[in-house]
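Everything below concerns the one structure shown next.
Residue numbers (this note's numbering): 8 to 64.
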């Protein structure tokens with residue numbers, strides 16, 4: 008049996024949650040305390056593993 012690792016895409020999950028809540032990227036960035044540009048990079052998978060520092064202003 009083959010052992011397959013599942014990679015969790017944080018950006019996809021954030022985008023899915025944000026859309027489910029009906030929030031724009033700007034609104035979500037303000038509410039979460041992350042910079043808008045950082046959020047767009049996370050959602051587009053430019054930043055694949057965001058650190059805690061990414062979430063601070």
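Just so it is clear, CB atoms sit at the ideal spot from N, CA and C, and this is done for glycine as well. Please read these numbers as outputs of a predicted model, since none were measured by experiment.
So the alpha helix (DSSP H) residue 46 belongs to, where does it begin and stop?
Boundaries of the alpha helix (DSSP H) around residue 46: 43–50.
Starting from residue 54, trace the alpha helix (DSSP H) in both directions and tell me its first and last residue.
Counting along the chain, residue 54 falls outside any alpha helix (DSSP H), and DSSP gives it neither H nor E.
Using beta carbons (cut-off 8 Å, strictly below), is residue 30 in contact with chain D?
This model lacks chain D altogether; it includes just one protein chain.
Check whether the Cβ atoms of residue 33 and residue 43 lie closer than 8 Å to each other.
Between residue 33 and residue 43, the C-beta spacing is below 8 Å.
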